[in-house]
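Read the structure below first, then the notes.
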Amino acid sequence: MSEEITFRIAPAIAAIKARIEGHTWFEDITVITEDKGNINNDIEVALGTITEKHSKIGACIVLLAPIAKCEHPGAPGPCIEPIIVISVVEDVAINQGATGTGKSALQIVEMLMRRIHRFSTTDTNAAFVCDDTPYKITNSDPLTYNVFFKTKLALQPEP
Numbered sequence: 001m002s003e004e005i006t007f008r009i010a011p012a013i014a015a016i017k018a019r020i021e022g023h024t025w026f027e028d029i030t031v032i033t034e035d036k037g038n039i040n041n042d043i044e045v046a047l048g049t050i051t052e053k054h055s056k057i058g059a060c061i062v063l064l065a066p067i068a069k070c071e072h073p074g075a076p077g078p079c080i081e082p083i084i085v086i087s088v089v090e091d092v093a094i095n096q097g098a099t100g101t102g103k104s105a106l107q108i109v110e111m112l113m114r115r116i117h118r119f120s121t122t123d124t125n126a127a128f129v130c131d132d133t134p135y136k137i138t139n140s141d142p143l144t145y146n147v148f149f150k151t152k153l154a155l156q157p158e159p
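When we follow the numbering used here, the leftmost residue of the sequence shown carries the number 1, and every step to the right adds one.
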């Protein structure tokens with residue numbers, strides 16, 4: 001029987017964030033990590049529902065804390081497969097307007113998949129791969145898609 005555990009692999013999340021922000025195509029899209037605390041306020045700022053000084057608004061990317069399944073929790077290590085969920089959030093009216101990025105949520109999803117699929121970090125020693133097709137959150141306002149990436153990670157046993 002598998003035991004589901006929630007944990008943070010902060011260095012890997014930071015590396016994914018840096019990979020996204022390091023590409024010029026994403027330069028006008030805010031990338032938010034869940035560890036910042038009040039991400040709802042950050043999302044509202046990025047979408048333009050709260051006024052702050054930003055050059056482009058209307059869409060953002062949110063990296064959520066991963067969920068992982070540990071198939072053999074009693075084994076040394078153990079080896080886990082974290083699933084990283086990246087949400088793409090778009091206020092279509094604002095984003096496609098004069099102050100928006102002009103990049104649709106689906107375009108952002110496609111570029112994320114291209115940028116992250118097979119990306120590896122020294123923290124995981126394994127590549128992140130697309131785990132499933134992007135999932136549109138139904139009845140969501142603003143428009144939201146989730147993209148899933150999976151990797152393998154061996155945890156060090158306690159000393």
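In this text, a Cβ means the ideal position worked out from N, Cα and C, and glycines have one as well.
Compare the Cα-Cα distances from residue i to each of the options and report the closest residue.
i	options	result
phenylalanine 149	Ile84, Asn40, Ser120	Ile84
lysine 103	Thr30, Pro66, Thr121	Thr30
cysteine 60	Thr121, Pro73, Gln107	Gln107
alanine 65	Asp35, Ile94, Gln96, Val129	Asp35
isoleucine 86	Ala98, Val129, Ile80	Val129
Can you round the beta-carbon distance between residue i and residue j to whole angstroms, since I take them to be within the 8 Å contact cut?
i	j	result
isoleucine 16	isoleucine 116	6 Å
asparagine 88	tyrosine 145	This sequence places valine at residue 88; asparagine is not what is there. That belief holds up - the Cβ atoms of valine 88 and tyrosine 145 are roughly 5 Å apart, short of 8 Å.
arginine 118	alanine 126	The pair is not a contact, with the Cβ atoms about 10 Å apart (cut-off 8 Å).
isoleucine 32	aspartate 42	5 Å
leucine 143	glutamate 90	5 Å
For residue i and residue j, I'd like the C-alpha separation in whole angstroms.
i	j	result
glycine 100	glycine 48	9 Å
valine 62	lysine 69	22 Å
proline 82	asparagine 40	24 Å
valine 45	serine 120	31 Å
alanine 154	threonine 133	26 Å
valine 147	isoleucine 9	18 Å
glutamate 27	alanine 75	43 Å
leucine 112	alanine 14	15 Å
isoleucine 20	proline 11	14 Å
aspartate 141	alanine 18	27 Å
lysine 152	glutamine 96	38 Å
phenylalanine 7	isoleucine 67	For phenylalanine 7, the pLDDT reaches just 45, beneath the cut-off of 50, and the residue's location in the model is therefore unreliable, leaving the point undetermined.
glutamate 178	glycine 22	One cannot answer for residue 178 here, as it falls past the ends of the chain, which runs 1 to 159.
threonine 24	threonine 122	23 Å
proline 78	aspartate 131	21 Å
isoleucine 80	proline 73	9 Å
leucine 139	isoleucine 94	The amino acid at residue 139 is misidentified as leucine; the sequence shows asparagine. Going by the C-alpha atoms only, they are around 18 Å apart.
asparagine 38	arginine 114	29 Å
tyrosine 135	alanine 98	28 Å
Report yes or no: is there a C-beta of chain D within less than 7 Å of the C-beta of residue i?
i	result
glutamate 90	Looking for chain D here will not work: only one protein chain is present.
Under the DSSP definition of a beta bridge, which residues are partnered with residue i?
i	result
asparagine 146	Ser87, Tyr135
isoleucine 57	Gly100
leucine 153	Ile80
valine 62	Ile32, Ser87
serine 120	Ala127
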